[in-house]
Amino acid sequence: MTPEETGKAYDTITHLWTRPEFNQKNGESAYQKALSFIPTAFLKKRDTAPNVVLNEHEANEKDEEQEPGYALDIGCGCTNRFVPVIESAGLIYEGIDVSKNMLAIATSQLPTHTFYCADVCTFALPRHYSFISAWDSFWHIPLTQQEPLLKKLVNHLNDDGVLLFSCGGTDESGQHTNEAMGPEVYYASLGLRTYIEILMNAGCFVRHIEFDQHPELHTIVIVQKKIL
Numbered sequence: 012m013t014p015e016e017t018g019k020a021y022d023t024i025t026h027l028w029t030r031p032e033f034n035q036k037n038g039e040s041a042y043q044k045a046l047s048f049i050p051t052a053f054l055k056k057r058d059t060a061p062n063v064v065l066n067e068h069e070a071n072e073k074d075e076e077q078e079p080g081y082a083l084d085i086g087c088g089c090t091n092r093f094v095p096v097i098e099s100a101g102l103i104y105e106g107i108d109v110s111k112n113m114l115a116i117a118t119s120q121l122p123t124h125t126f127y128c129a130d131v132c133t134f135a136l137p138r139h140y141s142f143i144s145a146w147d148s149f150w151h152i153p154l155t156q157q158e159p160l161l162k163k164l165v166n167h168l169n170d171d172g173v174l175l176f177s178c179g180g181t182d183e184s185g186q187h188t189n190e191a192m193g194p195e196v197y198y199a200s201l202g203l204r205t206y207i208e209i210l211m212n213a214g215c216f217v218r219h220i221e222f223d224q225h226p227e228l229h230t231i232v233i234v235q236k237k238i239l
């Protein structure tokens, strides 16, 4: 499945995240841990720009000045639950998602924030970031695009910037689809060892790895970009 097809699948199941029983704390502790590694020099309070949902062409016209103090949440979804955690660390939040319906809900709740409606694999990131996250979304990236995307994300981190993502902590690479949430959805993993090798070769230090739902393979990876 392409990211666009995955986005259309998520368009039909926004109710799974807006229902009262959804655990709004899911992932919060991982974000807090990842943000703790960011140098305090990056954590500056800034005024946020007016909210706008941008397509790729419009985003390319944004100011490309590289500056600290920004965070990008990949596959941000509709709950906005990580926004307070990121902003309490002093970073300006930006979200990106390929699901139009997810973003419609997110933007209706946060009219002063910036969200990008795009496929992150092909999207030209408008700036460098102090923090990039992809919680329960990276595994929807097509297997062949995962390594290029990881390298792209590291390239768009400031020095000492932090990347957090959750993945399938498998021994080997693999991909499959299932209909556990209703529509058919794609999942893929390069395998935990391959993820770490890619990130270390890209100049990152591993700060934290956790099988947080053991014996399930759900895995948290936190790395920090270091220029030697």
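In the numbering used here, the protein residues as written are 12 to 239.
Where a beta carbon is used, it is the ideal one built from N, C-alpha and C, also for glycine.
Computed from a predicted model, the values in this text were never measured in an experiment.
**Own chain partners of residue 14 with C-beta closer than 8 Å, once the 5 adjacent residues on each side are dropped** = 109, 130, 131, 132, 151, 152 and 153
**Beta-carbon proximity check, residue 147 vs residue 177, cutoff 8 Å** = yes
**Asked** Does the region 29-45 come close enough to the region 163-182 to have 3 or more Cβ pairs within less than 8 Å?
**Response** yes
**Request:** Would you mind working out which of 179, 188, 191 and 215 sits nearest residue 229, comparing C-alpha positions?
**Result:** 179
**Asked** What do you get for residue 20, buried or exposed, if any count of 16 or more other CB atoms within 10 angstroms of its CB means buried?
**Response** buried
**Asked** If you draw a straight line from the C-alpha of residue 162 to the C-alpha of residue 210, how long is it?
**Response** 7 Å
**Message:** Given this structure, state the Cα-to-Cα distance separating residue 193 from residue 24, to the nearest angstrom.
**Reply:** 8 Å
**Request:** Put residue 177 into one of helix, strand or coil per three-state DSSP.
**Result:** strand
**Item:** Rounded separation between residue 76 and residue 191 - CA only
**Value:** Summary for residue 76: the model assigns pLDDT 44, below 50, so the residue's position carries little reliability, and this model does not support an answer.
**Prompt:** Going by Cα to Cα distance, which pick from 140, 89 and 188 is closest to residue 33?
**Reply:** 89
**Asked** Taking the alpha carbon of residue 236 as the point to measure from, which residue in 223, 214, 227 and 219 has its own alpha carbon closest?
**Response** 214
**Prompt:** Residues bridged to residue 140 by DSSP?
**Reply:** 168
**Request:** To the nearest angstrom, report how far apart residue 61 and residue 105 are at their CA atoms.
**Result:** In this predicted model, residue 61 has a pLDDT of only 49, less than 50, meaning its place in the structure is not dependable; the value taken from the coordinates is given anyway. Whole-angstrom Cα-Cα distance: 12 Å.
**Message:** Please state whether the Cβ-Cβ distance between residue 49 and residue 85 is less than 8 Å.
**Reply:** no
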